[in-house]
């Protein structure tokens with residue numbers, strides 16, 4: 063017996079036509095002419111409505127005799143596997159540990175293995191911000207660690223985390239922390255000294 067569907071057929075058709083990512087996990091689109099089932103967000107060509115059957119669960123689609131789409135990979139989605147997400151997370155880890163190695167958005171996109179425009183989509187989806195902001199946030203966090211350790215001064219920290227301009231570093235640091243790099247380092251030193 064098939065599970066209940068969350069929307070009317072017309073609404074599911076509309077969400078499928080719009081490649082609505084918010085509907086992923088709520089229902090599946092089965093295409094009888096190709097024998098596959100897809101996520102509502104599948105980027106493949108939209109099938110004719112008369113060839114579409116909707117399913118509430120992956121088990122229902124498989125029981126109907128359909129196989130998973132090789133483009134949108136609903137089987138991976140339901141297994142919580144997302145290769146694109148895994149590559150994005152790995153690149154983000156590299157960025158956060160070695161921000162100077164990722165000089166710009168194009169370099170971060172190359173780390174993920176996507177185009178810069180695709181990276182904007184992934185950064186919004188997985189991190190809720192832009193790639194440029196991810197780069198700056200990572201650089202500021204690394205600078206805070208360096209300044210807090212007392213090993214480097216503000217100018218050295220700026221270059222060590224990938225800023226080519228000390229003034230740009232100072233402006234970003236103050237915007238992010240509410241403090242100048244020197245004041246941050248002094249406060250960290252005083253906190254260490256009083257501990």
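Residue numbers (this note's numbering): 63 to 257. C-beta atoms are modelled at their ideal positions from N, C-alpha and C, and glycine is treated no differently.
Could you check the C-alpha separation between residue i and residue j for me, to the nearest Å?
i	j	result
residue 94	residue 128	8 Å
residue 194	residue 220	17 Å
residue 206	residue 66	52 Å
residue 192	residue 238	16 Å
residue 168	residue 147	18 Å
residue 120	residue 83	17 Å
residue 183	residue 196	13 Å
residue 141	residue 233	44 Å
residue 210	residue 216	11 Å
residue 158	residue 252	26 Å
residue 201	residue 161	6 Å
residue 153	residue 245	31 Å
residue 115	residue 133	18 Å
residue 223	residue 181	21 Å
residue 203	residue 218	15 Å
residue 208	residue 111	58 Å
Quick check: residue i and residue j, are their CB atoms within less than 8 Å of each other?
i	j	result
residue 136	residue 173	no
residue 105	residue 88	no
residue 177	residue 171	yes
Between which two residues does the alpha helix (DSSP H) harbouring residue i extend?
i	result
residue 140	136–140
residue 194	193–211
residue 173	167–174
residue 236	228–239
residue 185	178–189
residue 77	71–79
residue 126	Element bounds for residue 126: n/a, residue is neither H nor E.
State buried or exposed for residue i, treating a residue as buried only when at least 16 other CB atoms are found within 10 Å of its CB.
i	result
residue 247	buried
residue 229	exposed
residue 240	exposed
residue 109	buried
residue 243	buried
residue 166	exposed
Closest to residue i by C-alpha separation, out of the options, would be which residue?
i	options	result
residue 125	98, 141, 229 and 163	98
residue 113	176, 71 and 232	71
residue 79	107, 216 and 88	107
residue 163	212, 226, 68 and 234	226
residue 213	250, 109, 231 and 155	250
residue 189	96, 109, 224 and 150	150
residue 102	110, 122 and 76	76
residue 198	187, 145, 180 and 231	231
residue 96	130, 208, 236 and 81	130
residue 123	73, 85 and 90	90
Along the chain, where does the beta strand (DSSP E) that runs through residue i open and close?
i	result
residue 99	98–100
residue 117	114–117
residue 91	90–93
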